[in-house]
Amino acid sequence: MTRIITIAMQKGGVGKTTTTINLAAGLAELGYQVLAVDLDPQGNLSQHAGFDPEQVYPTIYDVFKAELDGQAGDVSEAIHRGEEGFDVLPSQPELSLVELSLMNALSRERFLATILENVKDNYDFILIDCSPSLNLLVINALTAADSVIIPIQTEFLAARGASMVLSTIETIRQRKLNPDLHVEGILLTMADTRTLLTKDVLAAVENQYGADQHIYEAVVKRSVRFGESAVAGQSILAYDPGNPGAEAYREVASEVARRVSEERVRHG
Ligand SMILES: Nc1ncnc2c1ncn2[C@@H]1O[C@H](COP(=O)(O)OP(=O)(O)O)[C@@H](O)[C@H]1O
Ligand SMILES: [Mg+2]
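For the sequence shown, the residue numbers in the numbering used here are 11 to 278.
As structure tokens, this is what we get:
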């Protein structure tokens, strides 16, 4: 049984890519088979996982292109083994061209779901990192997913951005693109050590979304180590295993895994 989770938020710089890579590393540490998918033409996730988006071949772009040309793209060829025990489906800048080509394609929202279908069974978790928008590639990610993790920057008013993701999820459900899509959880990231503000934001998020959505208990604090680990092409779990940020993502990974298995028990 595979769980496909899209990490989405239309705002940039909120920690989507950082969350994808570190959650992938955390779940791999727990012994799960994990695939991290880079669906952002910028290729930040690929880089963060140690791949050069200008050099790595083939990528998710080649698979999309084959599918758009009416061939069955072989996604397994584009899956590369990362150094931290999880697989990576990297991206490259040309993926932005796919976004345009998709516009006129039949079943344009379902390409990624179709592409992942062939390799899905090899994994316990597939995590999809998105670009900071709600474009057609992101719609593909939401259509392919079981659930969504929404990272929110722990600062004043940042939480408002989550409403747009939530209404997009609702639209996707209503249009029957993915009727079972739901929020996996809201993750607070980049929390300041000035705990008072963090507490205020936490309370505001709890107040606004807490009744309907799960908010992860673990809060990821700000640390310069995150930026450093990205440059080093490693997760923070590998780069600085004792860092509180590494610990937070380990906790998030455990929480995600626990909640998924509890949900499966409930639904038989
Ligand atoms: N908890 C954190 N503390 C400090 N810097 C962080 C943290 N999480 C992410 N960053 C840094 O913030 C920037 C934006 O994060 P990123 O994950 O790339 O956001 P997004 O994918 O949403 O655009 C990156 O330079 C990243 O290294
Ligand atoms: Mg990103």
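The beta carbon of each residue, even a glycine, is placed where N, CA and C say it ideally should be.
| message | Between 114, 262, 231, which has its C-alpha nearest residue 202's C-alpha? | response | Nearest of 114, 262, 231 to residue 202, Cα basis: 231.
Got a sec? Which residues, its chain only, sit under 8 Å from residue 179 by beta carbon, not counting five neighbours each side?
The beta carbon of residue 179 sits closer than 8 Å to those of 152, 158, 191, 192, 193, all from its chain and outside the five residues before and after it, given in chain order.
Quiz item: In whole angstroms, what is the alpha-carbon distance linking residue 130 and residue 268?
Solution: CA-CA distance, residue 130 to residue 268, rounds to 20 Å.
Bounding residues of the alpha helix (DSSP H) (the contiguous stretch that carries residue 264):
Where residue 264 is concerned, the enclosing alpha helix (DSSP H) stretches over 254-276.
What do you get for residue 79, buried or exposed, if any count of 16 or more other CB atoms within 10 angstroms of its CB means buried? Exposed, by the Cβ-count rule.
| request: Closer than 6 Å by C-beta to residue 125: which residues in its own chain qualify, once you throw out the five before and the five after it? Chain order, please. | output: For residue 125, where only same-chain residues beyond five positions count, the Cβ hits under 6 Å are 73, 85.
Worksheet item: CB residue 31 to CB residue 138, shorter than 9 Å?
Response: Result no, Cβ atoms of residue 31 and residue 138 do not sit closer than 9 Å.
Considering only residues of the same chain and omitting the five flanking positions on each side of residue 87, which have a CB-CB separation below 6 Å? If you ignore the 5 residues before and after residue 87, its C-beta comes within less than 6 Å of the C-beta of 68, all in its own chain and listed in chain order.
Give the single residue among 110, 146, 104, 133 whose Cα lies nearest to the Cα of residue 122. When only C-alpha atoms are compared, the closest one is 146.
- CB contact flag (residue 43, residue 156, <9 Å): Contact: no.
TODO: Can you say whether residue 63 is buried or exposed, counting buried as having 16 or more other CB atoms within 10 angstroms of its CB?
DONE: Result: buried.
- prompt: Does at least one heavy atom of ligand 1 sit under 8 Å from the Cβ of residue 148?
  reply: For ligand 1, not one heavy atom lies less than 8 Å from the Cβ of residue 148.
Can residue 54 be considered in contact with ligand 1, in the sense that its beta carbon sits closer than 8 Å to one or more heavy atoms? Placement of the Cβ of residue 54 at a distance of less than 8 Å from at least one heavy atom of ligand 1 is found.
Exercise. Is the number of C-beta pairs between the stretch 213-220 and the stretch 39-57 that are closer than 8 Å three or more?
Worked result: Output reads no: the stretch 39-57 does not touch the stretch 213-220.
| task | Can you tell me the Cβ-Cβ gap for residue 98 and residue 75, rounded? I've got them flagged as a contact below 8 Å. | result | That pair is no contact at about 19 Å.
Query - Three-state secondary structure assigned by DSSP to residue 119 - result: In this structure, residue 119 counts as coil in the three-state DSSP scheme.
- Task: Leaving aside the five residues before and after residue 229 along the sequence, list all residues of the same chain whose C-beta is less than 6 Å from its C-beta, in chain order.
- Result: Leaving aside the five residues that flank residue 229 on each side, the residues in its chain whose CB is nearer than 6 Å to its CB run, in chain order, 198, 201.
Considering only DSSP beta bridges, list what residue 218 is partnered with. None; residue 218 has no bridge partner.
Helix, strand or coil: how does DSSP classify residue 97 here?
Of the three classes helix, strand and coil, the one that applies to residue 97 here is strand, per DSSP.
With respect to the beta strand (DSSP E) encompassing residue 194, which residues constitute its N-terminal and C-terminal limits? Residue 194 -> beta strand (DSSP E) spans 192-199.
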